[in-house]
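Participant: I have a structure here, written as C-alpha cells, and I will follow up with some questions on it.
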Amino acid sequence: MSGLLARLRATIVHNLGFKLLALAIAIGVQVMVHRDSVMTEDVPARLRLLGVPRGEIFVGSLPDMATLRLRGRRVALAELKALSNLEIPVDMSAYRNGDRLVLEPRHIETLLPVRAVEVARIEPAAFDVRLDRVVVRTLPVEVAVSGEAGPGFRANPRAATVDPPTVQVSGPAGLVNRLSAIRTAPIDLAWAEKDVSANARLAPPADRLVSVRPDEVKVTLRLEEIEMARTLTGVPLLVKGCPEDAQCSVDPPEIAVRVEGSGPAVRKLAARLPEGLAWVELTSALASPDGQVRVQTQLVRGVALTAMPAVAKFAAVRKAAAPESP
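Residue numbers (this note's numbering): 48 to 373.
Structure follows, in C-alpha cells:
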C-alpha cells in the first residue's frame, strides 16, 4: 500500500512546473474565450430625427428611445452599453407626410460607433411620417386658483391682474389652433384675507411639442368682500328697567345672536363682543300678563343682528321691606 502511494506521489510531482504552466494556459484560454464570446443583448438608443422640412414639425407616434437587439462580442457590447448618450440619427429628408419609414437594421449597424456588432432587431421597426406646420399665436393668460380665501372673502380669477397678459405659443397647428388661452399653475389662496401676488408658472397642454414664452407671469388676485353669517352663542342677556325695589331675572339668561354682514365686520364683532349686545327692557313690560318681553340688540355698523330666541320670560320679585329700627 505504501508503495502505491509513493508511485502516485512521484507521478504528481514529476514535471510539476510544466503541468502547472499548462493548467494556467488552459485557464487563460478559457477566460479569453469567455470574455470574447458572442452574445445577444438589448441596448437603448435615442432616435434623433433629421431632415424635417423647415416650418414643419413631426407629430407622429414615436418613442424617444428605441431598443436595439444587438449581437456581438462581449467586449464590443460592453463598450456600446457604456455610452450614456447613444443616438441613432434618422434622416427624413426623402419622406413626405403619410409615408412609412422603415428602420433597416443593416443601415443602423453603419451608424453605431462600435464596429463588429450586428443589429438583429430594432423596436420600433418602422413608424408613420406625420408632419404638421408650425404656427405661433398670441394667447391670453387665464389664472387658476386652488384652496379658498379667508372667511368673508373670495377671489375672482377673471378680475386678476396678469403681467404680461398675453404670451407667445408655438407648436403644431393642429394643437395650437385649438387653444383659446394658456392657464397658470394653480395659485394657492391659503385662507388669504388680503390681495395675493405671486409668480405663476404657465401650464401649457401636456404635449412637449408646444412651447410658451415667457413661461412665467406675475399675478395679482384682488380679494372681494362677501356677505357672511355667523351665530354667536352664550351671549349674556342684560336686564334694563328693573324697579329699584325688585329683583329681576330673565329666562334664558344667555341667548344666541345671528350676525349677518360683510366678512370683516362679522369677524370683528365675533372676535370681541361689546357689553350689552342683547338686552330686555322691563320698564314697559312689567304689566305684561304673560311675563314675556322682547329681546333687543345693539345697532352695530355693517351687520344685522337677530336674537334667538326673540322673546324671553322675566320675573320681578319685590324685595322684602327692611324692619324699622325701634
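For every residue, glycine included, the Cβ atom is placed at its ideal position computed from N, Cα and C. Here the structure is a predicted model, which is why all the values come from computation and not from measurement.
#1: Using only the alpha-carbon positions, how far apart do G338 and R305 sit?
#2: Tell me the DSSP secondary structure of V106 in three-state form.
#3: Among A247, A206, C289 and L96, which one has its Cα closest to the Cα of M139?
#4: Go ahead and pull the three-state DSSP assignment for Q77.
#5: Taking the C-alpha atoms as reference points, what is the distance between T267 and A247?
#6: If you compare alpha carbons, which of V340, P321 and L324 is closest to T330?
#7: Take L284 and list the residues in its own chain whose beta-carbon comes closer than 8 Å to its own, dropping the five residues that flank it on each side.
#8: So for G288, helix, strand or coil by DSSP?
#9: In angstroms with no decimal places, state the Cα-to-Cα distance between V216 and L115.
#10: On the three-state DSSP scale, how would you describe A354?
#11: Could I get the ranges of all uninterrupted beta strand (DSSP E) runs contained in the segment 291 to 335, with 3 residues as the minimum, in chain order?
#12: May I ask you to list the residues that DSSP assigns as paired with A276?
#13: Would you kindly work out how many angstroms separate the C-alpha atoms of A196 and G349, rounded to a whole number?
#14: Under 8 Å Cβ to Cβ from L256, same chain only, skipping five residues before and after it: list those, please.
#15: In terms of residues, what are the limits of the beta strand (DSSP E) holding L159?
Facilitator: Taking the geometry as given:
#1: The straight-line gap from Cα to Cα measures roughly 25 Å.
#2: In the structure shown, the three-state DSSP call for V106 is coil.
#3: Minimum Cα distance to M139 is reached at L96.
#4: Because Q77 sits at a pLDDT of 48, beneath the cut-off of 50, its placement in the model cannot be relied upon, and the following sentence gives the value as read from the coordinates. Helix.
#5: For the pair T267 and A247, the Cα-to-Cα distance works out to about 10 Å.
#6: Of V340, P321 and L324, the residue nearest in Cα terms is V340.
#7: Excluding sequence positions up to five before and after L284, its CB lies within less than 8 Å of the CB of V297, P299, P300, E301, I302, A325, W326, V327, V342 and A359, all in the same chain and listed in chain order.
#8: DSSP places G288 in coil when its eight states are reduced to three.
#9: CA-to-CA, the gap between V216 and L115 works out to about 36 Å.
#10: Correct three-state label for A354: strand.
#11: Segments of the beta strand (DSSP E) lying fully in the segment 291 to 335: 293 to 298, 301 to 309 and 325 to 328.
#12: Beta-bridge annotation (DSSP): A276 is paired with E307.
#13: Straight-line Cα distance between these residues: approximately 21 Å.
#14: Residues of the same chain with a CB within less than 8 Å of the CB of L256, apart from the 5 flanking positions on each side, are I104, V106, G218, P219 and L222 in chain order.
#15: For L159, no beta strand (DSSP E) encloses it, and the DSSP letter there is neither H nor E.
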